[in-house]
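First comes the structure, then the notes that go with it.
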Amino acid sequence: MSAVEALAAALRERVLSGDIEPGAALPEQELSARYGVARPTVREALAVLVHEGLLRRERNRSAYVPVVTAADLADLVYVRRPLEELMAEAVAGRRVAAADAALDRLAGLPPDAPWADVVAEHMALHAALVAAAGSPRLDRLYGSLAAETRLGLVGLRHAYEDRHELAAEHAGLLRVIAEGTPEEARRAVGEHLRWRES
53 MSAVEALAAA LRERVLSGDI EPGAALPEQE LSARYGVARP TVREALAVLV
103 HEGLLRRERN RSAYVPVVTA ADLADLVYVR RPLEELMAEA VAGRRVAAAD
153 AALDRLAGLP PDAPWADVVA EHMALHAALV AAAGSPRLDR LYGSLAAETR
203 LGLVGLRHAY EDRHELAAEH AGLLRVIAEG TPEEARRAVG EHLRWRES
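Position in the sequence shown counted from 1, then plus 52, gives you the working numbering.
Structure follows, in structure tokens:
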């Protein structure tokens with residue numbers, strides 16, 4: 053792993069664990085001193101996270117963590133719901149091995165695992181379901197929402213003090229998708245996302 057990749061990974065984990073708060077700036081000079089790397093390395097690592105959508109950068113301003121407001125989250129769910137409902141109809145009646153594997157990893161995380169690890173497995177589970185629908189366009193549309201979704205999940209870390217509750221919720225969702233009709237799967241996904249709006 054290069055110095056740029058290592059720094060990007062460290063900063064990604066801090067952003068997705070909520071250690072670096074939304075709205076916080078990441079000045080290159082401070083990061084250079086903190087991590088003991090040259091400023092060009094910091095600049096490249098920040099560029100990686102800007103490209104991923106986890107940071108924003110504006111002219112004459114340090115990179116910063118975007119603030120995802122309640123209105124942003126409501127709009128995100130508004131757009132995600134029809135995409136995930138399409139997925140549910142397409143995947144209903146079968147198990148998706150990659151989603152089951154992500155659920156197993158999520159359930160197996162230790163209680164003190166960084167929230168970034170929870171976010172990663174949660175995203176992997178949903179992405180596996182969408183990929184299983186077999187539509188490249190649906191996959192692409194869903195992928196375009198990934199960064200905002202990951203940032204939105206940072207705010208859920210206090211709602212799930214017990215990580216097993218999150219795993220149980222997703223186990224139930226996967227069970228309905230695997231065993232239910234397309235309509236039941238669609239309804240389960242809608243309920244799953246509607247809960248997140250509250």
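Ideal Cβ placement from N, Cα and C applies to all residues, glycine included.
{"query": "Length of the line joining the Cα atoms of G105 and V170", "result": "18 angstroms"}
{"query": "L128 and E200 closer than 8 angstroms at C-beta", "result": "yes"}
{"query": "Beta-carbon proximity list for E249, same chain, < 8 angstroms, skipping 5 on both sides", "result": "Unreliable placement is indicated for E249, whose pLDDT of 46 sits below 50; no coordinate value is reported for it."}
{"query": "Simplified DSSP assignment, three categories, for A165", "result": "coil"}
{"query": "Reduced DSSP category for L135 - H, G, I as helix; E, B as strand; rest coil", "result": "helix"}
{"query": "Outcome for H174 when other beta-carbon atoms lying within 10 angstroms are tallied against a minimum of 16", "result": "buried"}
{"query": "Contact set for V89: own chain, Cβ-Cβ below 7 angstroms, skip 5 residues either direction", "result": "A55 and L59"}
{"query": "One or two residues paired with L78 in a DSSP bridge", "result": "A115"}
{"query": "Local Cβ density within 10 Å of H178, reported as buried at 16 or more and exposed below that", "result": "buried"}
{"query": "Exposure label - R86; buried when at least 16 CB within 10 Å", "result": "exposed"}
{"query": "Unbroken alpha helix (DSSP H) run spanning G195, endpoints", "result": "P188 to G195"}
{"query": "contact_flag[the stretch 179-189, the stretch 147-159] where n(CB pairs < 8 angstroms) is 3 or more", "result": "yes"}
{"query": "Local conformation of R108 per DSSP, three classes", "result": "strand"}
{"query": "Contacts around A62, its chain only, beta-carbon distance under 6 angstroms, and the 5 residues preceding and following it disregarded", "result": "none"}
{"query": "V206 versus A168: straight-line alpha-carbon distance, rounded", "result": "8 angstroms"}
{"query": "Residue closest to A219, alpha-carbon to alpha-carbon, out of A198, L158, R239 and R202", "result": "L158"}
{"query": "Local conformation of Y212 per DSSP, three classes", "result": "coil"}
{"query": "For A150, the nearest candidate out of A144, P162 and A184 (CA to CA)", "result": "A184"}
{"query": "Anticipated Cβ contact below 8 angstroms, V46 with I72, distance rounded", "result": "Only positions 53 to 250 of the chain appear in this structure, which leaves residue 46 out of reach."}
{"query": "Anticipated Cβ contact below 8 angstroms, L68 with S114, distance rounded", "result": "Not really, about 19 angstroms apart at Cβ, beyond 8 angstroms."}
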